[in-house]
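A.B. asks: Each residue of the sequence shown is one higher than the one before, counting from 1046 in the working numbering. Glycine residues also receive a C-beta, built at the ideal position from the N, C-alpha and C atoms. Before I ask anything, here is the structure I am working with.
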Amino acid sequence: MSSSSSSSFISTIILFILSFFIITTFFMVNAQPSPGFSPSSKFRTIGFFQGFRNLWGPQHQRVEQNSLTIWLDRSSGSGFKSTRAFRSGYFGASVKLHPGYTAGVITSLYNNEVHPGNHDEVDIEFLGTTPGKPYTLQTNVYVRGSGDGSRIVGREVKFTLWFDPTANFHHYAVLWTPREIIFLVDDIPIRRYKKKSDSTFPMRPMWVYGSVWDASSWATEGGKYKADYQYQPFYARYTNFKLSGCPENAPNSCRPVSASPNPVGGLSRQQNLAMQWAQNNHMVYDYCKDSSRDHSNTPECFMA
């Protein structure tokens, strides 16, 4: 082999090794990490009727073997509500979303305090989409203010998902304590909302809700795409319900549950790394980073 051929061969080998290293590093950085702890495993699964009831659209609701299916068509959607309110707790369910064209359609799992126009609310909402584009998971927190009408002070943080939420069930949950709210997807924390002041944190007892409904005015790309009922019905399937915490009238000795190995709360180092991965790779909107927002209404964005 000539010296030039030998040099070319060595260069090719080096290039191959470097390419392999870069590709391997890319996949290692972007691979789904383990949070090292599974809060969902701490809480028992209940059947739908053990903790919930229909709220509206009963003709668009079906319960089979502890799984719930609700759907939206041109005539109505459907919703359900827990049979009791909580002042803190872990609230979760495994959800499978409708495939195909779902623009304008919202599937939700959320906490709400019944006080119209001045209520607290913590949301997980799946914003429908058009074929070829992913669902958006929107997390949101309202404090003593409605998400409807003229006074809208939402605290939206949005994500795409690292899996197809229409192919299988995945577990989504909210952990709400007097100190923090943690949103989780398959036990991976994606957002932690800390209590920084009384005025920016929901503290009144809340019920747990779920629903599927038409939000064509804003749900998909700011309302650009509307619900198209030639694709009806739009299904949402729920199972593996979990409700655990301190009911509204529980004694003061009832202690808030935790989403981490530490019973006091917070997140472990491994959970924080998993949350950082989710936010670095899948967060697509953060209200605190939106320069068009009036942040005088969201002072927590600037609090330590």
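Cutting at 6 Å between CB atoms, please list the residues of its own chain near I1067, excluding the five before and the five after it.
C.D. replies: With a pLDDT of 45 at I1067, under the threshold of 50, the modelled position of this residue cannot be trusted, and the question is left open.
A.B. asks: So what's F1228 in DSSP terms, helix, strand or just coil?
C.D. replies: Here F1228 sits in strand by DSSP.
A.B. asks: From the DSSP secondary-structure annotation, give me the bridge partner or partners of W1252.
C.D. replies: N1157.
A.B. asks: Whose C-alpha, out of D1231, T1147, D1243 and Q1321, is nearest the C-alpha of Y1270?
C.D. replies: The option with the nearest alpha carbon to Y1270 is T1147.
A.B. asks: How would you label G1290, buried or exposed, when you count the other beta carbons within 10 angstroms and need 16 or more for buried?
C.D. replies: Buried is the call here.
A.B. asks: Taking the CB atoms as reference points, tell me whether S1139 and F1214 lie closer together than 7 Å.
C.D. replies: Cβ distance < 7 Å, so S1139 and F1214 count as in contact.
A.B. asks: Report the start-end ranges of each beta strand (DSSP E) in the stretch 1243–1326 that is 3 residues or longer and not cut off at the edges.
C.D. replies: The stretch 1243–1326 contains these whole beta strand (DSSP E) runs: 1252–1259 and 1279–1292.
A.B. asks: For N1325 and H1216, I'd like the C-alpha separation in whole angstroms.
C.D. replies: Approximately 21 Å, taken between the alpha carbons.
A.B. asks: Where does M1320 land, buried or exposed, given buried means 16+ other C-beta within 10 angstroms?
C.D. replies: It counts as buried.
A.B. asks: So the beta strand (DSSP E) F1204 belongs to, where does it begin and stop?
C.D. replies: Its beta strand (DSSP E) spans residues V1202 to F1204.
A.B. asks: Can you give me the C-alpha to C-alpha distance between P1250 and D1165, rounded to a whole angstrom?
C.D. replies: Distance between the alpha carbons of P1250 and D1165 is about 9 Å.
A.B. asks: If you scan the stretch 1072–1138 from start to end, which runs of the alpha helix (DSSP H) of 4 or more residues do you find wholly inside it?
C.D. replies: Fully enclosed alpha helix (DSSP H) runs of 4 or longer: 1093–1096.
A.B. asks: Note down the Cα distance separating F1082 from Q1275, rounded to an integer number of angstroms.
C.D. replies: Looking at the two C-alpha atoms, the distance is approximately 43 Å.
A.B. asks: Which whole-angstrom value is the C-beta distance of Y1330 and V1150, which I expect to be below 8 Å?
C.D. replies: Between V1150 and Y1330 the Cβ distance is about 19 Å, and since that is not below 8 Å, they are no contact.
A.B. asks: Would you give the residue range spanned by the beta strand (DSSP E) that P1234 belongs to?
C.D. replies: Residues I1233 to K1239.
A.B. asks: Rounded to whole angstroms, what's the CA-CA distance from T1070 to Y1155? Just pull it up for me.
C.D. replies: Note that T1070 scores a pLDDT of 40, beneath 50, so its modelled location is shaky; the value from the coordinates is reported in the next line. Their Cα atoms are separated by approximately 38 Å.
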